[in-house]
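**Q** Following full-length UniProt numbering, the numbering of the sequence shown begins with 1 at its first residue and continues without gaps. Where a beta carbon is used, it is the ideal one built from N, C-alpha and C, also for glycine.
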Amino acid sequence: MKFNEIATVSGKAGLYKILKPTRSGVILESMDEKKGKLVVGANQRVSVLSEISIYTMTEEGATALEDIMIKIESEFKGDLGLDSTADADELKAFLKHVLPEFDEDKVYPSDIKKLISWYKIIRNYAPEVLEEKNEEETIEESEEKES
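1. Beta strand (DSSP E) containing Val-46: first to last residue?
2. Given a cut-off of 8 Å on the beta-carbon distance, is the pair Val-39 and Gly-25 in contact?
3. Could you give the DSSP three-state label for Glu-29: helix, strand or coil?
4. Going by CA-CA distance only, name the one from Thr-8, Glu-59, Gly-11 and Ile-122 that's closest to Ile-72.
5. When we look at the beta-carbon of Ser-30 and count the other beta-carbons within 10 Å, is it buried (16 or more) or exposed?
6. Might you give, ordered along the chain, the residues of its own chain that have their beta carbon closer than 7 Å to the beta carbon of Ser-110, omitting 5 neighbours on each side?
7. Quick one: residues in its chain with C-beta nearer than 7 Å to the C-beta of Tyr-119, no 5 flanking neighbours on either side, listed in chain order?
8. If you compare alpha carbons, which of Lys-92, Gln-44 and Ile-54 is closest to Gly-11?
9. Leaving out five residues before and five after Leu-91 in sequence, what residues of the same chain have Cβ atoms less than 8 Å from its Cβ?
10. Under DSSP, the beta strand (DSSP E) around Val-40 begins and ends at which residues?
11. Can you have a look at Ala-42 and say buried or exposed, based on whether 16 or more other CB atoms are within 10 angstroms of its CB?
12. Pop quiz: Met-1 and Lys-17 are said to be a contact at Cβ under 8 Å. What is the actual Cβ separation, rounded to whole angstroms?
13. For Phe-102, list the residues DSSP reports as bridge partners.
14. Tell me which same chain residues have a C-beta within less than 7 Å of the C-beta of Thr-63, skipping the five on either side of it?
15. Across which residues does DSSP place Ile-18 in a beta bridge pair?
16. Tell me which residue opens and which closes the beta strand (DSSP E) that Ala-7 is part of.
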């Protein structure tokens, strides 16, 4: 599985594996023990994780969620030392450690809570997406984007 095969649905908790598109939307499967299926129409907002990023103060203005999660995995190996019930200061300190240049004015504690809960879901149900990309995969992906 890859980050472009995982989605989040506005108004619904958790993450979903993208199964296949339909004429009027997409079929999703929840990434939990239940593996419940869900058909999402065009009137609901579905965001693919590979298209989500976190605001930064860098020249680019944002860092991809995938890169941040891979960094969290390489540094913490699943033991974050906090969960989504932590207070705002703890959450900001955690993100500051992982991504020192994040934009504190645009990234809210609720965003950091989502990052942590999504990381835990992915670590439990699709840990292979958290493995660092090797150079060959990165070159292949950039070639795919160009074509």
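**A** On the basis of the coordinates in this document:
1. Annotation for Val-46: the continuous beta strand (DSSP E) segment containing it runs 46-48.
2. Going by C-beta atoms, Val-39 is nearer than 8 Å to Gly-25.
3. Of the three classes helix, strand and coil, the one that applies to Glu-29 here is strand, per DSSP.
4. The shortest C-alpha separation from Ile-72 is found at Ile-122.
5. With at least 16 other beta carbons inside 10 angstroms of its own, Ser-30 counts as buried.
6. The beta carbon of Ser-110 lies closer than 7 Å to none in the same chain, with the five residues before and after it left out.
7. Non-local C-beta neighbours of Tyr-119 in its own chain, meaning closer than 7 Å and more than five positions away in sequence, comprise Met-69 and Ile-72, ordered along the chain.
8. Gly-11 has its Cα closest to that of Gln-44, out of Lys-92, Gln-44 and Ile-54.
9. Cβ within range, chain order: Leu-82, Pro-109, Ile-112, Lys-113 and Ile-116.
10. In the DSSP annotation of this structure, the continuous segment of the beta strand (DSSP E) that includes Val-40 starts and ends at 37-41.
11. Per the 10 Å Cβ criterion, exposed.
12. With a beta-carbon spacing of about 7 Å, Met-1 and Lys-17 fall inside the 8 Å limit used to define contacts.
13. Looking at the DSSP output, Phe-102 shares a beta bridge with Thr-56.
14. If we look at Thr-63 and ignore the five residues flanking it on each side, its Cβ neighbours are Ser-53, Ile-54, Thr-56 and Leu-99.
15. Ile-18 is bridged by DSSP to Leu-28.
16. Note, Ala-7: beta strand (DSSP E), 6-9.
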